[in-house]
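Residue numbers (my numbering), protein chains in the order written: chain A, 238 to 452; chain Y, 215 to 523.
Heads up, the thing below is written out as C-alpha cells.
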C-alpha cells in the first residue's frame, strides 16, 4: 500500500491562494486506509475550505486514483462545474494521474511517504523500497535494502547498540533480525552469501513495464 | 609494497596511527602532528569524514602525508560516494603513490553534522574491496571498461568490531570482507585483554585468514570513557580503567597538577599494547589518538614498541 500523510493545511492554503472554486479528488484505496483521502477526509476538507472562503464545487473518489481510465471517467464530475483548481487527496501517483486528465492546476493535500505494510488501523511500516532486484529469498524474508538504514547487503555495520540501529534507536538492527530469522528457518548458511555488488541499474527511474511489449 | 604490508606479511608487529583532516583548508596542525609519527609507525590512516562530519577529504591529507615522507592509508567509506566516485579516488591516489587503503561502511549522515545530505551507500565495505580486487584482476573499471593503464594494486584493509552481540555476525562479515580482498583488519577500540582474546579465538575458529590490528584509544578522562561507553557502538571501557582515570583527576585536583588523567590514559594504552605484543595476541595495533597524535611517541616508547626491530 502507498502510505500518505496530510500536508500542513497552511501549505495547501498557500497553493490555493487566489482560487475560489475547488474540486476535491480522493482515493478509495490506499488514501482511504491512510485516512488522508477517504470519504470522511473529503468531507472534513470540504468543511475546512468552505469555512475559509473557498467553494467546493465537486467531489470524486475513484476506487483507485492511480488507474488512468478510472480517473478519466471520474473527472467528468467536474466538467460543468466551473472548477478553478483540483485538490488531490491521494498519493503523488494519484495527483499526477488526475493532472493528466484535467486541464486545471492540481494541488496535492498529502505527502507520499512510502510503500508500506498495514500493521493495524492507522499504523504503517515501510518494508520495501522497490529496488527492482528482490533479495529477501536469501535474507529470511526481511529486506535489508529497506530495513537497514544503510541498505547493507552483506551483514551489519558496527553501529548497532543493544540490537538497535544507530540511525534510529526505535528500530531493530535489520541484520540481527535477518540472522535470527535465518537461524529459526535453519538457513544460517545464507548469512554467508557474499553479495559484493547489489547493483542499482534496475533502480533507475522513471521505470515502465509493459506486459504487452514483454518488458 | 607498503611498509604495513611488509611488516604484517613478515610477521612483524604492525603499528598504525590515525589522523583526521581538518574542518577547513589549513593542514598545518596535521602536518605538525605527522612529524611526531615519522619512523614510528608503518602507516597513518586518514579518516573519511569520520562520524559523518564534514572535513577536508581523506585523499587530500593522504597526498600531503605522502609528500612529507609518511605512508598514508586511504580510508574510504561508501556513505558519500557512488562506486564511480570511489574508483576515481583510488585511481587518483595511486597516481600519488598511495598504495594502502581501508574500506568502511561509514556512519550514517543522520549522526553527522549535515543531516540533510543524501546518504549514498552504493557499495558497502565488501563492495568497495571487491571492486578494487576485480579492477586489479581485470585492468577494468567497475563498469567493465578497459583502463588506459594497468590497474593499481592496493594493500587492502577493513575494520571489525570485537565487542558485538551476536559476535558471529561480525566474524561472518569479516570473513566476507576477506573473501572480497581484505588482508588486514583494524578493530574498534579495545580496552580489555580478555575480550580481545575471545575475539581472536573466534577469528581463528572461523579460519579467517587476515592480520588483525587491535584498535587502541588512549583515554583522556573518565568523562570521555563514560561518554564512549554510552554512545559509541562497540566500545566497552572497563570499570577498573574508569576508576584509574577518576582517581587521577582527584589526585590532580588535590595537588593542583593538570593533565594527570591524560597521563594515566597514556599509561593504560601503553600497558595494553605491551601485553598484546608480548603475549602475541594479535598482529599489531592501530592507535586512534583523536587529535592527540603528539602522545604517540610516548605511548610506543612506554609500550616498548619500535618498528625498527
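The C-beta atom is built at its ideal place from N, Cα and C for all residues, glycine as well.
Model, not experiment: these values are computed from the prediction.
Neighbour flag for residue i against chain A, beta carbons, 8 Å
i                      : result
residue 352 of chain Y : no
residue 304 of chain Y : no
residue 392 of chain Y : no
residue 470 of chain Y : no
residue 316 of chain Y : no
residue 398 of chain Y : no
residue 340 of chain Y : yes
residue 333 of chain Y : yes
residue 325 of chain Y : yes
Short CB-CB distance (under 8 Å) between residue i and chain Y
i                      : result
residue 391 of chain A : yes
residue 378 of chain A : no
residue 298 of chain A : no
residue 240 of chain A : no
Bridge-paired residues (DSSP) for residue i
i                      : result
residue 360 of chain Y : Y:354
residue 463 of chain A : Residue 463 of chain A lies beyond the residue range present for chain A, which begins at 238 and ends at 452; the question has no answer from this structure.
residue 358 of chain A : Answer is none; residue 358 of chain A lacks a bridge partner.
residue 262 of chain A : A:297 and A:325
residue 322 of chain Y : Residue 322 of chain Y is not bridged to any residue.
residue 215 of chain Y : For residue 215 of chain Y, which the question treats as bridged, DSSP gives no partner whatsoever.
residue 316 of chain Y : Y:289 and Y:371
residue 268 of chain A : BP columns for residue 268 of chain A are empty, so no partner.
residue 345 of chain A : A:325
residue 429 of chain Y : Y:403 and Y:500
residue 363 of chain A : A:353
residue 409 of chain A : A:401
Cross-chain neighbours of residue i in chain A, by beta carbon under 8 Å
i                      : result
residue 322 of chain Y : 386, 387, 396, 403 and 404
residue 448 of chain Y : 395
residue 402 of chain Y : 395
C-beta contact flag for residue i and residue j at 8 Å
i                      : j                      : result
residue 270 of chain A : residue 294 of chain A : no
residue 376 of chain A : residue 364 of chain A : no
residue 332 of chain A : residue 256 of chain A : no
residue 224 of chain Y : residue 395 of chain A : no
residue 424 of chain A : residue 410 of chain A : no
residue 247 of chain Y : residue 507 of chain Y : yes
residue 309 of chain A : residue 338 of chain A : yes
residue 396 of chain Y : residue 346 of chain Y : no
residue 423 of chain Y : residue 392 of chain Y : yes
residue 317 of chain Y : residue 290 of chain Y : yes
residue 259 of chain Y : residue 230 of chain Y : yes
residue 288 of chain Y : residue 312 of chain Y : yes
residue 403 of chain A : residue 380 of chain Y : no
residue 252 of chain Y : residue 283 of chain Y : yes
residue 241 of chain A : residue 328 of chain A : yes
residue 353 of chain Y : residue 364 of chain Y : yes
residue 379 of chain A : residue 415 of chain A : yes
residue 435 of chain Y : residue 463 of chain Y : yes
residue 266 of chain Y : residue 295 of chain Y : no
residue 497 of chain Y : residue 238 of chain Y : no
residue 300 of chain Y : residue 273 of chain Y : no
residue 413 of chain Y : residue 376 of chain Y : yes
8 Å Cβ cut-off: residues of chain Y touching residue i
i                      : result
residue 437 of chain A : 336
residue 429 of chain A : 386, 389 and 390
residue 442 of chain A : Per Cβ cutoff of 8 Å: no residues; residue 442 of chain A is ~15 Å from chain Y at best.
residue 323 of chain A : The premise fails here: residue 323 of chain A is roughly 31 Å from chain Y at the closest Cβ pair, so nothing lies under 8 Å.
residue 455 of chain A : Missing from the structure shown is residue 455 of chain A; chain A here goes from 238 to 452 and no further.
Neighbour list for residue i in chain A, Cβ cutoff strictly below 9 Å
i                      : result
residue 373 of chain Y : 395
Beta-carbon neighbours of residue i, restricted to chain Y and to distances below 9 Å
i                      : result
residue 416 of chain A : 380, 382, 383 and 386
Any non-hydrogen atom of the ligand HEM closer than 7 Å to residue i Cβ
i                      : result
residue 251 of chain Y : With respect to the ligand HEM, the structure offers nothing, as it holds no ligand at all.
Proximal chain A residues relative to residue i, where beta-carbon distance stays under 7 Å
i                      : result
residue 319 of chain Y : 387, 389 and 394
Which residue spans inside the region 221 to 301 of chain Y form an unbroken alpha helix (DSSP H) run of at least 4? 242 to 251 and 272 to 281
Practice problem: Go through the region 437 to 505 of chain Y residue by residue and report every complete run of the beta strand (DSSP E) that reaches 3 residues or more, in order. | Solution: 498 to 501
Item to complete: Could you tell me which uninterrupted beta strand (DSSP E) segments, each at least 3 residues in length, are contained entirely in the region 288 to 341 of chain A, listed from first to last along the chain?
Response: 292 to 297 and 322 to 325
message = If we require 3 or more residues per run, which beta strand (DSSP E) segments fall completely within the region 380 to 419 of chain Y?
response = 398 to 403
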